[in-house]
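With the first letter of the sequence shown counted as 1, position 338 gets the number 338 in this note's numbering; the numbers rise by one all the way through.
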Amino acid sequence: MKDNIRLLVTFGFAAILVLMFSLASVSLLQLQSINASMEKLVKVTNMKTAAVNDMRDAIRLRADSLKTMQLTQDIFERDAEHQQFINHAGKYRMAREKLVSLGLDEREAAINGELQQLTRASQPFNEDASELLMSKASAGEINPVMEQAAVLQGLILDKLEELIRLEQQNTRAALTVSRRHYNRTRQLLFVLTGMALLLSLLISRTIIKHVSAKNRQLAYLASHDPLTGLINRREFECRVERAIRNASAQGATHALLYLDLDQFKIINDTCGHATGDELLQQLAQLLLGSVRHRDTLSRLGGDEFGMLFENCPLDKAVEIANNLIKAIDDFTFTRDDTTFTLGISIGVMPIDRSTTDIASAMNAADSACYIAKESGRNQVKIAHMGDRRLQERHGEMQWASRLTRALEEDRFALYFQPIIPCSEKSVHDRHMEILVRLIDDDGSVIAPGSFLPAAEKYNLLSSIDRWVIDHTMTWLAATNSTGGNRPVIVAINLSGQTISNPGSLNYIIDKLEETGVSAEHIIFEIPETVAITNITAATSFMLTLRGCGCRFSLDDFGSSLSSFTYLKKLPVDFLKIDGAFIRDILSDPVDHAMVKSINKLGHLLGKEIIAKSVETHETADELRLMGINFLQGYVCAQPRPLNNYTQSQAPRLVLVSS
Ligand SMILES: [Mg+2]
């Protein structure tokens, strides 16, 4: 299509150029031809007319000479006049020869022929008359000859007059022909100009049509989702903004719906993205068929859709939303002999005078949809601006954007807390857990308890873990290369998202190689619940990295009832007892017994035991007496920025008793 247009425009303009060139050439040639023929015609006609006039004058003067010779008595005067008479005859001949030399047409030649006959006929009478006059003959002899000569002279003059009229006629005829040529040229010019104009119009029209079609296509692409053909988020937000303005100005009530498919990810992961795309297309048509003609349906991205019901009260919007849930519930999707059913969660946000802006309206609808999903899926939730869960969700969403920005801007900091050996046999006095802090926009330091839940919800833990791994290994490589005989050993926390992320293992192995850090100086801490929930992935993950020389610690051990069941299966080197048991060890005999049991069992399985959240010296004493290997907590040292770490500050445990 594009090539055809280019070809058409190129040939079209080439044709216009040829036409315009022909136009100019033809005009010039025609005008030159008309001018030349007119010039020639005028010149020849003038010369012919002059020759004929000369002939007529000669005839008249010859007649006058005869009369003068007849009337004069003076012999000399008569001789002179006779000479004139002969001269005029010569002039007549010369003029006639000139006329003939200019070329005669048929009619001119005919008149000339008649003139010659008359001249020949008058010749004897003229000569007779002149001889009689010169010989002084009597009037009786002269007069009849003179009369005959005069008659023939009159006839010759008539013929000459006829010839003059003929020349005038010829001039007029030539002018008519010339005018006809001119008119024909003018008509040709009109036709060629018309054709050039027509061609220009056709080309312009084609170009305009093509450009308009292109513009329409661009406008469509800018406002529509290419997969489903529904309007996209950008266009949807424009319409919602318009609805908010309308509600504010005219008090109208609209409804904004946020829809999120349940179980879509399973189909996408099981059958592939092409099938997922096909399913989205079918669902888009299903949703389109379930709403009113004037309602707006948009694909906001992924498996999320948006709807805008203009001039629709809230109860009606909820009714339509419930119908949509039923329609999706009845819908089945079959692929490779497997039938999938889907669900949908819908958040409904009323738009009225109280709606202030698009961002809060969209967030509220999104949050209501999220709560619908959290509440068991396949539900409709109405967004109430004062709703506590809605506000919590809004807070989480804000955290998500703050964390994404912080990752982009590298605004995290590493802290460390020492893990102190209790027994004399343990020499890992430079063993520490690495902790992460967020540096906020204003430079304040934010503890992980504030942002990690949101990071987990928005799948950002893996990215944060990578940031920690990268910066810790770089620091460790630099510290251990100058740290003397006893290297620092760091414990790095890993989340469930990192364990289940297929790229994590390669990332860690690449980092070990890149930084040159010795794997035996790295201990990865995995929360017990994460390890148990993803037991297969976690075991495989641990075995691979243990093969490289890394060690593992099971963090928050004891928090799950099934801890002991899995302990034998998990290839870990350390057990870090959950702080909840440690805190009350002196006052709660059950906690005391639990810690004692974990310690005993752990040692039996060849693990080393770490007690975390040790806050008092008394607790530390009791744990040491129990035979716990390491202590970590405020009683030993508070977390401090890793940048402030120096070898001389390596803490040692000071015991209260013994
Ligand atoms: Mg930990």
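Every residue, glycine too, gets a C-beta built ideally from N, C-alpha and C.
Simplified DSSP state of I344, which is helix, strand or coil: strand
Pick from L452, P421, M349 that is closest to M397, judged by C-alpha positions: L452
N664 Cβ short of 7 Å to ligand 1 heavy atom set: Since the first residue shown for the chain is 1 and the last is 658, residue 664 is missing from the structure and cannot be characterised.
I351 and C369 closer than 8 Å at C-beta: no
Three-way DSSP call (helix, strand, coil) for E513 in this model: helix
E615, enclosing beta strand (DSSP E) - first and last residue: No beta strand (DSSP E) contains E615, which DSSP labels as neither H nor E.
Given S500 as reference, the closest of I325, A538, V26 once Cα atoms are compared: A538
Those residues which DSSP pairs with E525 across a bridge: N493, S553
C-beta atoms of F552 and E608 nearer than 8 Å: no
Contact test: E433 Cβ vs ligand 1 heavy atom, cutoff 7 Å: yes
At least 3 beta-carbon pairs within less than 8 Å: the segment 404–414 vs the segment 438–457: yes
Contact test: E278 Cβ vs ligand 1 heavy atom, cutoff 7 Å: no
E525 beta carbon near ligand 2 (any heavy atom closer than 7 Å): With respect to ligand 2, the structure shown offers nothing to examine, as its ligands consist of ligand 1.
Within 8 Å, strictly: CB atoms of G306 and L257: yes
D225 Cβ short of 7 Å to ligand 1 heavy atom set: no
Heavy atom of ligand 1 within 7 Å of D555 beta-carbon: yes
Extent of the continuous alpha helix (DSSP H) run through H592: 589–604
Own chain partners of E313 with C-beta closer than 6 Å, once the 5 adjacent residues on each side are dropped: The identity of residue 313 in the sequence shown is Pro, whereas the question assumes Glu. Answer for P313: T253, listed in chain order.
Bridge partner(s) assigned by DSSP for T338: R335
Rounded straight-line distance, which links the Cα of K98 to that of N53: 12 Å
Runs of alpha helix (DSSP H) wholly within the segment 402–480 (minimum 4 residues, chain order): 448–457
Separation of C422 from L545, as counted between CA atoms: 28 Å
Anticipated Cβ contact below 8 Å, L288 with I344, distance rounded: Not a contact, Cβ separation roughly 14 Å.
Where D366 sits in the DSSP three-state scheme: helix
Cutoff 7 Å; reference H428; Cβ partners in own chain excluding five residues on either side: Bear in mind that the predicted position of H428 carries a pLDDT of just 45, short of 50, making it too unreliable to give a figure here.
Beta-carbon proximity check, I203 vs G12, cutoff 8 Å: yes
S65 vs E81 beta-carbon contact at 8 Å: yes
Contacting residues, own chain, Cβ-Cβ under 7 Å from S613 (five flanking each side not counted): G579, I582, R583, G633
Residue burial classification, Q250 (beta-carbon count within 10 angstroms, cutoff 16): exposed
Beta strand (DSSP E) segment containing F255, residue limits: One point to set straight first is that residue 255 is Ala, not Phe, in the sequence displayed. Run containing A255: 254–262, per the beta strand (DSSP E) assignment.
Rounded separation between F557 and T529 - CA only: 8 Å
Of the residues E161, A63, D79, the one placed nearest I111, counting alpha carbons only: E161
D470 and S495 closer than 8 Å at C-beta: no
Residue of L512, N644, E310 minimising C-alpha distance to E520: L512
Proximity to N644 [Cα-Cα], best of L152, T479, H293, K316: T479
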